[in-house]
Amino acid sequence: APAGYRSFGPTRALWYAGADYAKEANHNILAIAMIETKQALQNLDEILSTPGLDGIYIGPSDLGLSLGGIPKLDQTDPPIVDAIKTILKAAKKHGVHPGIHCGTTDYAKQAIAWGFELVTIAADNALLNLAAKSAVADMRGSSLTPGSSSPY
131 APAGYRSFGP
141 TRALWYAGAD
151 YAKEANHNIL
161 AIAMIETKQA
171 LQNLDEILST
181 PGLDGIYIGP
191 SDLGLSLGGI
201 PKLDQTDPPI
211 VDAIKTILKA
221 AKKHGVHPGI
231 HCGTTDYAKQ
241 AIAWGFELVT
251 IAADNALLNL
261 AAKSAVADMR
271 GSSLTPGSSS
281 PY
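For what it's worth, the working numbering labels the leading residue of the sequence shown as 131, then goes sequentially.
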(Lines of atoms letter the chains of each structure in order from A and count residues from 1; the text may use other names and numbers.)
(Lines give C-alpha, C1' and ligand atoms only; values in the text may rest on other atoms or scores of the structure.)
Protein backbone atom coordinates (compact mmCIF):
# COMPACT_ATOMS: atom_id res chain seq x y z
CA ALA A 1 0.00 0.00 0.00
CA PRO A 2 1.13 3.61 -0.38
CA ALA A 3 3.44 4.77 2.42
CA GLY A 4 2.04 6.95 5.18
CA TYR A 5 -1.22 7.14 7.04
CA ARG A 6 -4.24 7.82 4.89
CA SER A 7 -7.63 6.58 3.94
CA PHE A 8 -7.78 4.46 0.82
CA GLY A 9 -10.32 5.26 -1.86
CA PRO A 10 -8.26 5.91 -4.98
CA THR A 11 -11.02 6.07 -7.57
CA ARG A 12 -9.16 8.48 -9.83
CA ALA A 13 -5.81 6.75 -9.26
CA LEU A 14 -7.33 3.42 -10.28
CA TRP A 15 -8.53 5.00 -13.54
CA TYR A 16 -5.03 6.01 -14.61
CA ALA A 17 -2.90 3.47 -12.74
CA GLY A 18 -5.05 0.37 -12.81
CA ALA A 19 -5.65 -2.36 -10.27
CA ASP A 20 -1.98 -2.48 -9.21
CA TYR A 21 -2.05 1.10 -7.93
CA ALA A 22 -1.76 0.10 -4.26
CA LYS A 23 1.34 -2.02 -4.97
CA GLU A 24 3.00 0.46 -7.32
CA ALA A 25 2.16 3.86 -5.78
CA ASN A 26 5.39 4.26 -3.82
CA HIS A 27 7.45 3.63 -6.96
CA ASN A 28 5.38 5.79 -9.32
CA ILE A 29 4.40 8.84 -7.28
CA LEU A 30 6.78 11.56 -6.18
CA ALA A 31 6.54 13.05 -2.71
CA ILE A 32 7.31 16.77 -3.07
CA ALA A 33 7.14 19.24 -0.18
CA MET A 34 6.29 22.90 -0.72
CA ILE A 35 8.83 25.34 0.71
CA GLU A 36 7.24 28.77 0.80
CA THR A 37 7.36 30.14 4.33
CA LYS A 38 9.91 31.54 6.75
CA GLN A 39 9.05 28.64 9.06
CA ALA A 40 9.88 26.11 6.34
CA LEU A 41 13.17 27.90 5.69
CA GLN A 42 14.00 27.66 9.42
CA ASN A 43 13.20 23.92 9.41
CA LEU A 44 14.86 22.97 6.12
CA ASP A 45 17.12 20.22 7.45
CA GLU A 46 14.25 18.54 9.27
CA ILE A 47 11.96 18.77 6.23
CA LEU A 48 14.66 17.54 3.85
CA SER A 49 15.42 14.59 6.15
CA THR A 50 11.87 13.27 5.85
CA PRO A 51 12.03 9.61 4.77
CA GLY A 52 10.58 9.11 1.30
CA LEU A 53 10.79 12.77 0.29
CA ASP A 54 11.71 12.97 -3.39
CA GLY A 55 11.76 16.71 -3.95
CA ILE A 56 10.93 20.21 -2.82
CA TYR A 57 9.10 22.90 -4.71
CA ILE A 58 9.53 26.58 -3.94
CA GLY A 59 6.54 28.89 -4.16
CA PRO A 60 8.48 32.15 -4.63
CA SER A 61 5.54 34.53 -4.22
CA ASP A 62 4.53 33.10 -0.86
CA LEU A 63 8.16 32.75 0.21
CA GLY A 64 8.79 36.39 -0.66
CA LEU A 65 5.71 37.51 1.22
CA SER A 66 6.65 35.39 4.24
CA LEU A 67 10.11 36.98 4.29
CA GLY A 68 8.69 40.50 4.19
CA GLY A 69 9.16 41.06 0.48
CA ILE A 70 6.87 41.59 -2.46
CA PRO A 71 4.91 38.53 -3.57
CA LYS A 72 6.09 37.86 -7.13
CA LEU A 73 7.24 34.80 -9.01
CA ASP A 74 10.52 35.92 -10.54
CA GLN A 75 12.20 37.10 -7.36
CA THR A 76 15.14 39.50 -7.72
CA ASP A 77 15.31 40.99 -4.22
CA PRO A 78 18.69 39.88 -2.79
CA PRO A 79 17.40 38.51 0.57
CA ILE A 80 14.77 36.41 -1.19
CA VAL A 81 17.17 35.20 -3.89
CA ASP A 82 19.57 34.26 -1.07
CA ALA A 83 16.79 32.27 0.61
CA ILE A 84 16.00 30.51 -2.67
CA LYS A 85 19.67 29.61 -3.12
CA THR A 86 19.86 28.42 0.51
CA ILE A 87 16.92 26.09 -0.12
CA LEU A 88 18.53 24.86 -3.35
CA LYS A 89 21.86 24.15 -1.64
CA ALA A 90 20.17 22.31 1.24
CA ALA A 91 18.12 20.19 -1.16
CA LYS A 92 21.24 19.18 -3.07
CA LYS A 93 23.02 18.35 0.21
CA HIS A 94 20.18 16.02 1.18
CA GLY A 95 19.86 14.41 -2.26
CA VAL A 96 16.37 15.87 -2.73
CA HIS A 97 15.37 17.17 -6.17
CA PRO A 98 14.84 20.97 -6.11
CA GLY A 99 12.01 22.65 -7.99
CA ILE A 100 10.67 26.19 -8.31
CA HIS A 101 7.73 27.92 -9.93
CA CYS A 102 8.69 30.71 -12.35
CA GLY A 103 6.76 33.43 -14.11
CA THR A 104 8.84 33.60 -17.28
CA THR A 105 11.05 31.40 -19.41
CA ASP A 106 14.00 33.71 -18.75
CA TYR A 107 13.72 33.17 -15.00
CA ALA A 108 13.22 29.43 -15.51
CA LYS A 109 16.46 29.30 -17.51
CA GLN A 110 18.21 31.19 -14.70
CA ALA A 111 16.82 28.74 -12.12
CA ILE A 112 18.13 25.81 -14.16
CA ALA A 113 21.53 27.53 -14.37
CA TRP A 114 21.50 27.81 -10.55
CA GLY A 115 20.88 24.05 -10.32
CA PHE A 116 17.12 23.58 -10.14
CA GLU A 117 16.00 20.29 -11.67
CA LEU A 118 12.30 21.10 -11.98
CA VAL A 119 10.88 24.40 -13.14
CA THR A 120 7.31 25.25 -13.93
CA ILE A 121 6.43 28.36 -15.89
CA ALA A 122 3.32 30.46 -15.27
CA ALA A 123 -0.02 28.64 -15.08
CA ASP A 124 -2.39 27.25 -17.67
CA ASN A 125 -4.92 30.05 -17.29
CA ALA A 126 -2.18 32.69 -17.59
CA LEU A 127 -0.73 31.08 -20.69
CA LEU A 128 -4.18 30.88 -22.31
CA ASN A 129 -4.82 34.52 -21.38
CA LEU A 130 -1.49 35.56 -22.89
CA ALA A 131 -2.20 33.62 -26.09
CA ALA A 132 -5.64 35.25 -26.41
CA LYS A 133 -4.19 38.74 -25.84
CA SER A 134 -1.47 38.03 -28.38
CA ALA A 135 -4.03 36.89 -30.97
CA VAL A 136 -6.14 40.02 -30.42
CA ALA A 137 -3.05 42.24 -30.68
CA ASP A 138 -2.03 40.46 -33.88
CA MET A 139 -5.49 40.95 -35.41
CA ARG A 140 -5.33 44.65 -34.52
CA GLY A 141 -1.89 44.95 -36.08
CA SER A 142 -0.28 45.86 -32.78
CA SER A 143 2.03 44.10 -30.39
CA LEU A 144 1.45 42.85 -26.89
CA THR A 145 2.71 45.21 -24.20
CA PRO A 146 5.34 43.51 -22.01
CA GLY A 147 4.06 42.89 -18.50
CA SER A 148 0.44 43.17 -19.56
CA SER A 149 -0.37 39.67 -18.39
CA SER A 150 0.02 38.08 -14.96
CA PRO A 151 1.82 34.73 -14.73
CA TYR A 152 -1.02 33.49 -12.52
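Built from N, CA and C at the ideal position, the CB exists for glycine as well.
What is the C-beta distance between residue i and residue j, in whole angstroms, given that I count them as a contact (C-beta under 8 Å)?
i, j, result
"residue 174", "residue 217", "6 Å"
"residue 203", "residue 232", "6 Å"
Tell me which same chain residues have a C-beta within less than 8 Å of the C-beta of residue i, skipping the five on either side of it?
i, result
"residue 165", "171, 174, 177, 186, 187, 188, 189, 193 and 217"
"residue 221", "178, 185, 186, 227 and 228"
"residue 211", "205"
"residue 207", "194, 199 and 200"
Name, in chain order, the residues that DSSP records as bridge partners for residue i.
i, result
"residue 164", "187"
"residue 248", "229"
Cutting at 7 Å between CB atoms, please list the residues of its own chain near residue i, excluding the five before and the five after it.
i, result
"residue 273", "267"
"residue 191", "201, 202 and 203"
"residue 160", "184 and 185"
Does the distance from the C-beta atom of residue i to that of residue j stay below 8 Å?
i, j, result
"residue 155", "residue 183", "no"
"residue 265", "residue 251", "no"
"residue 243", "residue 249", "no"
"residue 158", "residue 149", "no"
Residues in the same chain with beta-carbon distance under 6 Å from residue i, minus the five sequence neighbours each way, listed in chain order, please.
i, result
"residue 143", "151"
"residue 169", "none"
"residue 258", "none"
Could you tell me whether any non-hydrogen atom of the ligand NAD is closer than 7 Å to the CB of residue i?
i, result
"residue 265", "By its list of ligands, the structure shown contains no ligand whatsoever, and the ligand NAD lies outside what it can speak to."
Handout entry: Entirely enclosed alpha helix (DSSP H) segments - the segment 132–158, minimum 4 residues
Key = Taking only runs of at least 4 residues, the alpha helix (DSSP H) segments lying wholly in the segment 132–158 are 141–147 and 151–158.
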